[in-house]
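If you read the sequences in order, they're chains A and B. The first sequence maps to residues 19 to 662 in this note's numbering. The second sequence maps to residues 19 to 662 in this note's numbering.
Number of protein chains: 2
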Amino acid sequence: MKSKKMNKIDLKNIRIDDNFWVKRQSLITDVVIPYQEAILDDKVEGVEKSHAFANFRIAAGLEDGEFYGMVFQDSDVAKWLEAAAYSLCIKPDEDLEKRADNIIDIIEKAQQADGYLNTYFTIKEPEKRWTNLHECHELYCAGHMMEAAAAYYEATGKDKLLGVMERMADHIENRFLAEKREGIPGHQEVEIGLMRMYHVTGENKYLKLAQHFIDERGKNPQFFIEETQKRGWKHEIMDPYNMKYNQSFAPVRNQKTAEGHSVRAVYMFTAMADIAGVTGDEELLKACEAIWENCVNKRMYITGGIGSNAEGEAFTIDYDLPNDSVYAETCASVGLIFWAEKMLGITGDGQYADIMERALYNGVLSGMQLDGKRFFYVNPLEVNPGVSGELFGYKHVLPQRPGWYQCACCPPNVARLIASLGTYIWREEEGIIYSDLHIGGTAELENATIRTVSEFPWNGAVSYEIVPKGGKKEFTLAIRIPSYAEGHKLSLNGRDITAQYGVHKGYCFISREWNVPDKLSLTFDMRIRKVHTNTAVRSNIGCAALQRGPIVYCLEGADNGERLQELHILKKGALKAEDYQENLLGGIVPIKAQGSRIYANGELYFEGEFERKEEMLTAIPYYAWGNRGLNQMKVWIHEDGGIL
Amino acid sequence: MKSKKMNKIDLKNIRIDDNFWVKRQSLITDVVIPYQEAILDDKVEGVEKSHAFANFRIAAGLEDGEFYGMVFQDSDVAKWLEAAAYSLCIKPDEDLEKRADNIIDIIEKAQQADGYLNTYFTIKEPEKRWTNLHECHELYCAGHMMEAAAAYYEATGKDKLLGVMERMADHIENRFLAEKREGIPGHQEVEIGLMRMYHVTGENKYLKLAQHFIDERGKNPQFFIEETQKRGWKHEIMDPYNMKYNQSFAPVRNQKTAEGHSVRAVYMFTAMADIAGVTGDEELLKACEAIWENCVNKRMYITGGIGSNAEGEAFTIDYDLPNDSVYAETCASVGLIFWAEKMLGITGDGQYADIMERALYNGVLSGMQLDGKRFFYVNPLEVNPGVSGELFGYKHVLPQRPGWYQCACCPPNVARLIASLGTYIWREEEGIIYSDLHIGGTAELENATIRTVSEFPWNGAVSYEIVPKGGKKEFTLAIRIPSYAEGHKLSLNGRDITAQYGVHKGYCFISREWNVPDKLSLTFDMRIRKVHTNTAVRSNIGCAALQRGPIVYCLEGADNGERLQELHILKKGALKAEDYQENLLGGIVPIKAQGSRIYANGELYFEGEFERKEEMLTAIPYYAWGNRGLNQMKVWIHEDGGIL
């Protein structure tokens, strides 16, 4: 395996302009980022106090006070800065940039003389630095700030934060490599941060340090136990004996299954894939592929949600995918996208783009209310008022999105992903331009400027206007054909070229000399698909889910009345996509499904048959659920065999 | 409504002699009671220490040491003594009686001069007596000891313990009635104990005191909050604001639904019904009937299990009956039987006997391993190895019966119920003999001696030999016809009398002059019934359960291989009761059901259909599950419409 140039497309060169994503990006730039900033600065009343900016001001000596918040409170500032950086790329904003510069100035002042940066330890327990890698997230916070530093440098060309994090990285390198102190992060993330620094600066030492943390993990599965015993104090109630939780049970190259805390896991897999791509490390890639296979084919919800267990926000066992007691943290689906993007970059295999798209349009988007003001941590596939959010085993499954959380990981994760979405649409390498996501807009690439008009995700109709650099140029345009697309047609300047270009690993590779103004158009069928589940999954027996294009659908009480469990899709019934409804749930295509209500309202237990009446079911996109007040919701719908 | 004589049949006058219950009673007398005694005396190695006898010895000043165990540890001794009393009735045992006398001597010595009896407070915090009714179970322990005292007096004629409890009852009466101190028990049970004392002694004051506690409950819903504030300390982590938990949210006469901790609830309902029967209190009976209706028709598992929520071991909301995260504590089903027996006594309505039977043959029996050595607290209707007992939300649902618990309420509850089962078979009042349960044996009743030969629960064939007192006597024999019985036939001395005696409220009343040797025989169909559930219950959609007679069946992996969720019963398929198998699971009639396995083993999510093959399903009685090692189990089986 050859190492691959893994630089992302410069976000500033991609402008999204379509009916679906523009409004969501605007929500992020205009609502979410300012709102989060106000929260981090404790300027929003009636929500959990953040104190995250104040912590930095106190650590910088600019303000008196005590540290407040989670031990990883700094990471909220980092994720906000990273999202702000992307926001500046897609919507320049002098005032925002000035405010970001200000907080970066404060961060610089909060850095210690030896490069160390972490407000919790600096303010509260400086003598305990680096003694509790298991619970205290110093490396995790550093990783997020490295991502922010790289993003902010790319967005603005300003390298102050990058300088701060270079010094912090040197401090870390000194401790863990030069001084050879044993240690791995309790929550992976620094590996991703270091790889971002490596990609931006080209400095090999960051790659080496990322590799070090990846390779160290699981070499000594006892590490966190030994660390706990050595230091003799605990910060939280984290069990060092649970080595699966943070994936330290075995060297990462020997891991075959997706285990433990799902966010920790996918952040680690992302870094593993990134390193494998850069270094050509076959063994590391093989581990990624094996874990990927296990993750997406045995432990993933149809929505791209992962981590089915509330305890430890964790993966459990193969095929254990309960719909109503689910976890499926928004952050985990965000991380699955990070991982998928790296796997796609290395292998060029469209299966990774399929999963990336699945998580993006379903398990991630569901995390955010349509107005951008409320967020889900947990993304259930079934909620039942009176049970969800209330009873034991279901308390974590909120049936409506709450406001700001004390542990505010998910909202900024969604914000940074959607703000940087431009970088997931195109790849360009070795003379090939890849179109990975069918999102409209303009891309300034090395070989060409491409203007895309897309009706995605509602219709399979995308047209590309290709303007080669210099008016004329030979290169390959690889257009992704999603696995669910049927009867796709490609036409070039009005001529059908479908037969000429077959689909290889999910892409049509069109190699030719491109001329101004070449016009390519792609259409494919957006048939409604009725999807079944491997019967090893207990919770979906007898049920089907509806998908159309990348969108997973669900039933909500608001459209279908009470007792959704009584509703059945007719086995051979008609499924119809309605016209696009501009004013419904931010603009959606609802699905009507011929169905039945099979019911019995008498005795609790009885002999004899059910009653049955025809009923038209209305399904809406899963991501849009929970925007119309408290009501029942269900992704997996019972099927009516027709002779019940 | 007229008050009714509610005295139970004397257990010594009933001898059970049939193929089903004799061995179970022997298990109780020969295995369970001696084993529990050894545990209470800390003579069994490798199980949770009990210290319950030692607590009494220490409180009696016979031994040095500290109190150990739950605050209600005394009740284990009481329940054991009660079971031992029943054991002495059904199987006289001088040595057991001597040992019981010994512990009663010690209990007497542990009683304080003012009548107070409770080893926790006597040993540990005598100054805190009666200050924490909410959490500290003094009245609960007293209630159980009153039951033991009454039972032991009835069994042996010895009144030492009865005397102890009369003095304790006087102490309680003095405090709560004479001195008018506000107070209700945190865990109901003293009301039952007082009613037992009333029935045995005929002393009205015990009835009055029981009525007092019943009527006081919920009059001041703030009581436990005020008590907590007043005393300023807490014993456990019990929330005084959760008034539903202990049914103190409203006066009991205003309660319409079964709420809160299910054992507390049914113990209270039992006492309410008992009082209503004795006093003719219509309002109290109406409350019982309303709650009963809610309980059995909206909140009860098909097994007679109640309390679907692990948190608070509690009822939740109507139709919330999850099979795999269920609670359904054995004790709650035992209590449901207590309650049903009282309701049956008052109303004479066979519907109560049906539920009594349902709980007895299913949700209670399932609590005990076939060898009598291990017990379930929680009685799930579905277990899945790898999930049940292991993952969050399912940790309480053990897939195999464990040994002794620290909180050892269920095993002695099963023991005392099965040992006293004789008193549930017959009732006799006002010239009517009721046959409530079809259990074989000999009953010495007021009007007659009846010898019953029964093939129950495996066949609907019962024959009665009636020997009237004095050779000849006019009285009514009321034979229960279970609601599920079909085509029942009654014959008297070989002559079919079915048409002559219709079924009224579940009974055939045969009034005549009986002569020696009259022979009555009852037969009815034990057809296998395929039962469905009201579709308000989400967890059973698309599923059926098999019942035959009173027995609910289940599938186990041991008979049906892996992935029970793939198995379907054919909608119109044959159901066949096998011959009785003496050597299988203690002797059972298995059911064979024509079925199919509908499966898909490929991709996790896919378009297209399932594969399907015919498969014969083997169902076993639910009570016998979990006796063949770790495997999957399922009561509700998917149905195959036939054209899937």
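Note that beta-carbon positions come from the ideal geometry of N, C-alpha and C, so glycine has one too.
- DSSP places residue 229 (chain A) in the helix class (H, G or I) of the three-state scheme.
- Non-local C-beta neighbours of residue 242 (chain B) in its own chain, meaning closer than 8 Å and more than five positions away in sequence, comprise 151, 152, 204, 258, 261, 264 and 266, ordered along the chain.
- Look at the stretch 319-338 of chain B: the residues with a C-beta under 7 Å from a C-beta of chain A are 320, 327, 328, 329, 334, 335 and 338.
- For residue 330 (chain B), the CB contacts under 8 Å within the same chain, skipping 5 residues up- and downstream, are 260, 263, 278 and 279 in chain order.
- Residue 251 (chain B) and residue 119 (chain B) have their C-alpha atoms some 38 Å from each other.
- In the structure shown, the three-state DSSP call for residue 649 (chain A) is coil.
- If you draw a straight line from the Cα of residue 652 (chain A) to the Cα of residue 635 (chain A), it comes to about 12 Å.
- Runs of beta strand (DSSP E) with 3 or more residues, each lying fully within the stretch 461-544 of chain A, are found at 466-472, 479-486, 490-498, 504-510, 525-533 and 536-543, listed in chain order.
- Residue-level contact check: residue 409 (chain A) touches chain B, since one or more beta carbons of chain B fall below 8 Å from its beta carbon.
- Residue 546 (chain B) has a beta carbon lying at 8 Å or more from every beta carbon in chain A.
- Residue environment for residue 274 (chain B): exposed (fewer than 16 other C-beta atoms within 10 angstroms of its C-beta).
- Contact annotation for residue 504 (chain B) against chain A: no contact, minimum CB-CB distance about 10 Å [criterion: below 8 Å].
- DSSP places residue 242 (chain B) in the helix class (H, G or I) of the three-state scheme.
- Sequence-distant Cβ neighbours of residue 134 (chain A) in its own chain, meaning closer than 6 Å and more than five residues away, are 189.
- Residue 599 (chain B) sits exposed, since fewer than 16 C-beta atoms from the chains shown fall within 10 Å of its C-beta.
- Around residue 489 (chain B), the same chain offers 533 and 534 as residues with beta carbons nearer than 8 Å, after the five sequence neighbours per side are excluded.
- The residue among B:479, B:175, B:545 and B:524 with its C-alpha nearest the C-alpha of residue 509 (chain B) is B:479.
- Take the alpha-carbon of residue 570 (chain A) and the one of residue 564 (chain A): they are about 6 Å apart.
- Ranked by Cα distance from residue 418 (chain B), the first of B:391, B:466 and B:318 is B:391.
- Excluding residues up to 5 positions away in sequence, 94 lie with their Cβ nearer than 6 Å to the Cβ of residue 426 (chain B) in the same chain.
- By DSSP's assignment, residue 453 (chain A) forms a beta bridge with A:444 and A:497.
- The continuous stretches of alpha helix (DSSP H) do not include residue 636 (chain A), which lies in the beta strand (DSSP E) extending over residues 629-639.
- Taking a 10 Å sphere around the C-beta of residue 145 (chain A), we find fewer than 16 other C-beta atoms and assign the residue as exposed.
- Taking the Cβ atoms as the reference, residue 209 (chain A) lies roughly 7 Å from residue 286 (chain A), within the contact range of under 8 Å.
- Residue 459 (chain A) and residue 52 (chain A) have their alpha carbons spaced roughly 25 Å apart.
- If the five residues before and after residue 74 (chain B) are omitted, its C-beta is found closer than 6 Å to the C-beta atoms of 124, 125, 128 and 137, all from its own chain and listed in chain order.
- Runs of the alpha helix (DSSP H) lying entirely within the stretch 334-405 of chain B and spanning at least 4 residues, in chain order: 348-365 and 368-376.
- When Cβ-Cβ separations below 8 Å define contact, residue 287 (chain A) makes no contact with chain B.
- At a cut-off of 8 Å, the C-beta of residue 371 (chain A) has no neighbouring C-beta in chain B.
- Straight-line spacing of the CA atoms in residue 239 (chain A) and residue 268 (chain A) works out to 6 Å.
- Using a C-beta cut-off of 8 Å, the stretch 537-557 of chain B makes contact with the stretch 466-482 of chain B, since at least three inter-stretch Cβ pairs fall below that distance.
- The C-alpha of residue 173 (chain A) is placed about 14 Å away from the C-alpha of residue 164 (chain A).
- At a Cβ-Cβ threshold of 8 Å, residue 656 (chain B) and residue 550 (chain B) do not count as neighbours.
- When beta bridges are read from the DSSP output, residue 657 (chain B) appears opposite B:587.
- With a threshold of 8 Å between beta carbons, residue 90 (chain A) makes no contact with chain B.
- Per DSSP, reduced to three states, the secondary structure at residue 129 (chain A) is coil, with no helix or strand assignment.
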